[in-house]
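If you read the protein sequences in the order shown, they are chains H and E. In terms of the working numbering, the first sequence opens at residue 1 and continues consecutively. In terms of the working numbering, the second sequence opens at residue 1 and continues consecutively. Glycine is no exception: its CB is placed at the ideal position from the N, C-alpha and C atoms. Reading through the structure tokens given below for one structure.
Number of protein chains: 2
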Amino acid sequence: MVDEGVARDPWSGPPAVAPAVSGPDDARLDAAPAETPRPAIDIRAILFTVADGALLVALGRRDVGWGLPRGDPSPLDTLDASARRIVREGTGLQEQYLEQLYTLSVRETPDWTIIVGYMALVCSGAAPPPPQAGTWHDVTTLPPLSHADQMVIDYALVRLRAKLGYTNVAFHLLPQTFTLSELQGAYETILSRRLDKRNFRRRVIASGILSPTSEKRRDGSHRPAVLYRFRANEDHETHLTPPWAEGT
Amino acid sequence: MVDEGVARDPWSGPPAVAPAVSGPDDARLDAAPAETPRPAIDIRAILFTVADGALLVALGRRDVGWGLPRGDPSPLDTLDASARRIVREGTGLQEQYLEQLYTLSVRETPDWTIIVGYMALVCSGAAPPPPQAGTWHDVTTLPPLSHADQMVIDYALVRLRAKLGYTNVAFHLLPQTFTLSELQGAYETILSRRLDKRNFRRRVIASGILSPTSEKRRDGSHRPAVLYRFRANEDHETHLTPPWAEGT
DNA sequence: GCAAAAGTGTTGTGTATACACCCATGG
DNA sequence: CCATGGGTGTATACACAACACTTTTGC
Chain H
1 MVDEGVARDP WSGPPAVAPA VSGPDDARLD AAPAETPRPA IDIRAILFTV ADGALLVALG
61 RRDVGWGLPR GDPSPLDTLD ASARRIVREG TGLQEQYLEQ LYTLSVRETP DWTIIVGYMA
121 LVCSGAAPPP PQAGTWHDVT TLPPLSHADQ MVIDYALVRL RAKLGYTNVA FHLLPQTFTL
181 SELQGAYETI LSRRLDKRNF RRRVIASGIL SPTSEKRRDG SHRPAVLYRF RANEDHETHL
241 TPPWAEGT
Chain E
1 MVDEGVARDP WSGPPAVAPA VSGPDDARLD AAPAETPRPA IDIRAILFTV ADGALLVALG
61 RRDVGWGLPR GDPSPLDTLD ASARRIVREG TGLQEQYLEQ LYTLSVRETP DWTIIVGYMA
121 LVCSGAAPPP PQAGTWHDVT TLPPLSHADQ MVIDYALVRL RAKLGYTNVA FHLLPQTFTL
181 SELQGAYETI LSRRLDKRNF RRRVIASGIL SPTSEKRRDG SHRPAVLYRF RANEDHETHL
241 TPPWAEGT
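And the structure:
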């Protein structure tokens, strides 16, 4: 374990300020040996979408190979807002759903970096136009990525799959109106296993989060499917997302 | 929404480095107006324990009022390791369980700070010696706290209560051996509602995570209770905690 | 009329809940 | 012998999984 010369009294007042920015009123740290520099903060976002049976991830070209969209947080915004901006800038896509994943400390470049991972979902309707300067990659056949990017993706997959079970996240991957088969297809794609049609429909109807529209989709030589809409009411994502709106 | 003058290309290579530390090879940002300084990083830990029917939180005296234990991350450690160190330094307690909660960006002091929230559990046996320079506070009657501290606590409570349902976290709040009534008491304290004794015992026994010891606890004029031990085997915390060990 | 996807019910099995009494001990 | 908490079983409701056929349409 590292020596604790850099530690600050855990019960002390406002956090100490690193030398580059610290004012002169910061007496506690004068004697600290080789004062710790502040790390860089890096928001990384993983964007998921589904398209014809595949779960896709947005990756952009990097100096070497590929990588997740990333960017710096803005001091005036919440982290969530910064993440939203990064998604928008990096992909031109308006995400439907955004969730903070995990924060980790890495040294992948010579510099010390704190990475805040975010997961975003965009609906498959908006997906076909691939993100500017980037491309959609099938999550099952990703190019080699940095260790940190890989960790963010692995974790996002675990979280996304788990959340399918007890939330309605999947709706954020679909366009405004959709058929029940499309919804089931999204579930099956993400979980990579087949689901029973009748049980699936019963559950999702019983949950009451869908309202049927009067329209139908006729897209082949078969019976047309009723289009449903997601009842935007209260989107019980609650579980893992903080109950408060992040803010200052 | 903030203007995007400070933004960096989300598809670019390694993260840009703030001026204080940046090398000369960082051409992309030369023209950026009023380059953003790096925020301070602040780890905040909420420590829970249970003692005679109350859920307690460790708070320390601060310049004004009370606050959660806090500290800087160390560049050489994972965030988890830094959080562990902060808990240890601030309270003298060896936590049994540590979990990252959420990261947020605040401006509670004039400085811009990124707060990484952690939750730690310590067993009620170790609790009575109150943390050095701090005190245990009943979670239902906390003193006024900073907005950020309050958010961390609120979120930790939600997470802790939710996790009681599908993990074994509660065991980390109890000493090595304990009676089923003590375990049930911990659940009831955290959830603040009564549970059915028979159903509780059936569930917890059926789950197979307890092994009875040969000892009994006789602590009153009534039948002695069998002491159980937590089978440390595989502690299925899995769900929300990243499957990877955080690292560089 | 046939291919192709939409739509629809029942049954069994396991899991969670509600509920009340006897047991062992110390004083 | 009595007060105190430890310990036990059953009946019911509900959630979930397995399973196959009819309907509507385009060609």
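Cβ-Cβ distance between residue i and residue j below 7 Å
i               : j               : result
V57 of chain H  : H172 of chain H : no
M119 of chain E : A170 of chain E : no
D42 of chain H  : R61 of chain H  : no
L121 of chain E : Q100 of chain E : no
S124 of chain E : A54 of chain E  : no
T213 of chain E : L227 of chain E : yes
L59 of chain E  : W66 of chain E  : yes
T113 of chain E : P175 of chain E : no
S211 of chain H : R229 of chain H : yes
Y102 of chain E : G92 of chain E  : no
Within-7 Å CB hit, residue i to chain E
i               : result
W136 of chain H : no
V139 of chain H : no
S221 of chain H : no
S105 of chain H : yes
I205 of chain H : no
W112 of chain H : yes
R38 of chain H  : yes
T177 of chain H : no
I46 of chain H  : no
L174 of chain H : no
L55 of chain H  : no
T49 of chain H  : no
P224 of chain H : no
T78 of chain H  : yes
Rounded straight-line distance, which links the Cα of residue j to that of residue i
i               : j               : result
F48 of chain H  : G165 of chain H : 17 Å
T141 of chain H : P37 of chain E  : 38 Å
A186 of chain H : V152 of chain E : 34 Å
V64 of chain E  : P110 of chain E : 16 Å
K216 of chain E : R194 of chain E : 24 Å
T189 of chain H : D154 of chain E : 35 Å
K163 of chain H : R218 of chain E : 45 Å
T167 of chain H : V158 of chain E : 16 Å
D72 of chain H  : A81 of chain H  : 11 Å
F178 of chain E : R84 of chain H  : 47 Å
A225 of chain E : E182 of chain E : 10 Å
D149 of chain E : R198 of chain H : 47 Å
Q94 of chain H  : V87 of chain H  : 8 Å
I46 of chain E  : P143 of chain H : 39 Å
V258 of chain H : I205 of chain H : Coverage of chain H is limited to positions 1 through 248, which leaves residue 258 of chain H absent and any answer about it impossible.
S221 of chain E : D196 of chain E : 23 Å
V139 of chain H : S74 of chain H  : 30 Å
G134 of chain E : L145 of chain E : 14 Å
R203 of chain H : Q184 of chain H : 11 Å
Whole-angstrom C-beta distance between residue j and residue i, which should lie under 8 Å
i               : j               : result
I209 of chain E : R231 of chain E : 5 Å
R44 of chain E  : L68 of chain E  : 5 Å
L104 of chain H : I115 of chain H : 5 Å
H147 of chain E : E89 of chain E  : Going by Cβ atoms, the distance from H147 of chain E to E89 of chain E rounds to 24 Å, so no, they are not a contact pair.
L180 of chain E : R201 of chain E : 6 Å
Minimum Cβ-Cβ distance from residue i to chain H less than 7 Å
i               : result
L116 of chain E : Correcting the residue identity first, residue 116 of chain E is Val in this sequence and not Leu. V116 of chain E counts as touching chain H.
I190 of chain E : no
P143 of chain E : no
I153 of chain E : no
P73 of chain E  : yes
I249 of chain E : Coverage of chain E is limited to positions 1 through 248, which leaves residue 249 of chain E absent and any answer about it impossible.
Residues bridged to residue i [DSSP beta-bridge criterion]
i               : result
K216 of chain E : E:V226
L56 of chain E  : E:T49 and E:D138
D72 of chain H  : Its beta-bridge partners do not exist; DSSP assigns none.
T113 of chain H : H:A40 and H:V106
G208 of chain E : Bridge partners of G208 of chain E: none, in fact.
Y118 of chain H : H:A45 and H:Q100
F178 of chain H : H:Y228
R61 of chain E  : E:W66
Any non-hydrogen atom of the ligand FAD within 6 Å of residue i CB
i               : result
A170 of chain H : The ligand FAD is not among the ligands present in this structure, which contains no ligands whatsoever.
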